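Structure first, then comments.
In this note's numbering, the protein residues as written are 101 to 841.
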């Protein structure tokens, strides 16, 4: 009885405290911290910092005292500078959680700078899917290639790691050799002979394993596999590498916090796989080197909740984040940096780049994406696909081989918004020749300056594309918006294109955007298969300058509709736009506006083309072409405003807001930009763009802001009380003076 008294007293004093028995026989509160290190012992260690275990309790190699059952609120601290492999060589994973935490009391696996092997500068502890490093090698021929028996198929990277100083140095071996002989002549390479189950490597010398000095690693297993258990778990300050299919997999788990980790050298699938998870978060992680994978992070959730992906860095890979088709949860993407993607041969037919969302409800804010390509023209900064819905705001996207933002086969996506919600894009849709661009860009290098002169060839793509590309399947695309964005120096600016022959694109709003300097077209509608609801292109400022630098001779157009190709059909309105065309006359043009519609095109709805063109101000200071209007499919160019007006008003399929086409558009003249040379496209006092626009073109609160986020002047009831300007910016009245600067 006396022995029980202290325990009874503790329970009386702390009735709300949970108690449990740990592996060494004592009692402890939930929230205990256990320690593991490569110098520890499962059989004699106590799990303290002074006497750590060798293995994490979830490690399948754990024995004896380390085989304890963790409690909700427990923490396992892994020593920095150490590495953990499947040393038994018989497991498919390294860590498998066998219990879950609870709300507010997660089970945490982490590291701290206070628990280290050599110094506080030691690298994060490594959970490796590589299996035991290869230790013995046989020289091939006369070298420098060496071989070792290897029964597992190489499903990712082979890494040669040398320890010198505090941080190891990794060399990722290339898989280009096709034989032992070519491996012998190719530095830093490997070749796997699947028939002979031999791995050949060339690292410039004997790769025989030497603990703490050098090691050769190749993917064999999964680092962390959380399926039957492991909800409400936190993983932080770890390195997880060389997974065979995944570096880490969380299947149907809730409350996963994945923070401050490095995920690298991913195998044939993805770095981190989140399947059917609910309310999980991935913040502040680094995903690096996953060219051969599909993506760094894949979210395929079906449950309600929010998955947060914030403040991560993705580099040297294919897609940074992708989702499964039809994910039901909300995916919140914010503050991520994606760079140097798809610069190797990875990515496959679907390209590679930033985020590829399929059937996903999402928010995207403040993400930065750059240096995507050049190895696949299908790459994109963001690809929003297959019925996704959400908004992309505050993004900076540049140097993309394909499209900066690609909205495909989906509806109700907003790209941009007022002021800081707008996105900034440049240098999209270009690539460099092999002579000027190495196959793998240096990590973090800003390869492309903001300059046309260094580009070669037509890379396709461009700034923002709204497109239907599925030949069959999904549905018509409706209700997408592109608002308040800045797009410049790209292959093309903002466009609509119903590339499918089965579905229309309608109800698209392209408004308040500033677009400048393109190889082909600025803002327009290639074809929409004549959607029932018109696409509205309004309040945009478009500066066009074809033939700059060494771009192709084809000049394109500031505004355009080109449905005459293969009778695709169009239903589009150009209202309240301001264009300036710096292109001098050339054989193939470069115009302020091109209306290449077709009165015989009936689209999918059996209705002829309808184009509304009014309240626009066009200016060609170099005497270039103001308009292009094919008549009976023969192109006619117009440099004089009067000639253009006569022709466009004679076209039966072009009309104005009320009355004839361009009946409210002023004579083409200088819009008096503040400083077009330095991309300041606000207008000065006296501009014909001031007070030109009709307020009836679009409705709703979007009218209350211009493209820079300046609030338009309203009365107490919230009604506009200034006359709208054409273009993306709104002049503001001086106090007591009405319309002014």
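Cβ atoms here follow ideal geometry from the backbone N, Cα and C, with glycine treated the same way.
Please read all numbers here as calculations on a predicted model, not as lab measurements.
| Query | Result |
| --- | --- |
| Proximity below 8 Å, CB of residue 565 to CB of residue 591 | no |
| Length of the line joining the Cα atoms of residue 491 and residue 231 | 43 Å |
| Residue span of the beta strand (DSSP E) that contains residue 247, given as start and end | 246-249 |
| Boundaries of the beta strand (DSSP E) in which residue 289 is found, first to last residue | 289-293 |
| Buried or exposed by the 16-neighbour rule on C-beta atoms within 10 Å, applied to residue 218 | exposed |
| Straight-line Cα distance separating residue 662 from residue 623 | 12 Å |
| In DSSP terms, what residue 494 is bridged to | In the DSSP output, where bridge partners are listed per residue, residue 494 has none listed. |
| Cβ-Cβ distance between residue 159 and residue 207 below 8 Å | no |
| Enclosing beta strand (DSSP E) for residue 710 [first to last residue] | 710-714 |
| Candidates 377, 389, 355 and 628, of which the one nearest residue 362 by Cα | 389 |
| Residue 506 - partner residues in DSSP beta bridges | 483 and 565 |
| Residues that DSSP places opposite residue 274 in a beta bridge | 289 |
| 8 Å Cβ cutoff met for residue 481 and residue 454 | yes |
| Outcome for residue 567 when other beta-carbon atoms lying within 10 angstroms are tallied against a minimum of 16 | buried |
| Where residue 205 falls: helix, strand or coil (DSSP) | strand |
| Endpoints, beta strand (DSSP E) assigned at residue 457 | 453-458 |
| Cβ neighbours of residue 274 in the same chain (closer than 6 Å, five flanking residues each side left out) | 289 |
| Beta-carbon contacts of residue 470 that lie in its chain and below 6 Å, excluding the five residues immediately before and after | 439, 498 and 499 |
| According to DSSP, residues forming a beta bridge with residue 524 | 496 and 586 |
| Residue 741 in three-state terms, based on DSSP | helix |
| Residue 156 vs residue 162 beta-carbon contact at 8 Å | yes |
| Residue 256 burial status per 10 Å Cβ neighbour count (16 or more: buried) | buried |
| Opposing strand residues paired with residue 661 [DSSP bridges] | 625 and 695 |
| Residue 319 to residue 260 span [Cα, whole Å] | 12 Å |
| Residue range of the unbroken beta strand (DSSP E) whose run includes residue 134 | 133-136 |
| Residues bridged to residue 314 (per DSSP) | 262 and 310 |
| The stretch 244-255 in contact with the stretch 298-308 per 3-pair CB rule at 8 Å | yes |
| CB-CB length for residue 295 against residue 228, believed under 8 Å | That pair is no contact at about 27 Å. |
| Spatial neighbours of residue 788 in its chain, beta-carbon cut-off 6 Å, leaving aside the 5 residues before and after | 717, 766 and 769 |
| Status (buried if at least 16 other CB within 10 Å, exposed otherwise) for residue 785 | exposed |
| Exposed unless 16 or more other CB atoms sit within 10 angstroms - verdict on residue 828 | buried |
| Cα-Cα separation between residue 521 and residue 673, rounded to whole angstroms | 25 Å |
| Contained beta strand (DSSP E) runs [length at least 3] in the stretch 325-393, N- to C-terminal order | 333-336, 339-341, 346-351, 357-359, 362-364, 370-375 and 381-383 |
| Beta-bridge pairing of residue 398 - partner residues as DSSP gives them | 373 and 422 |
| For residue 268, the residue or residues it bridges with in DSSP | 263 |
| N- and C-terminal bounds of the beta strand (DSSP E) containing residue 514 | 513-516 |
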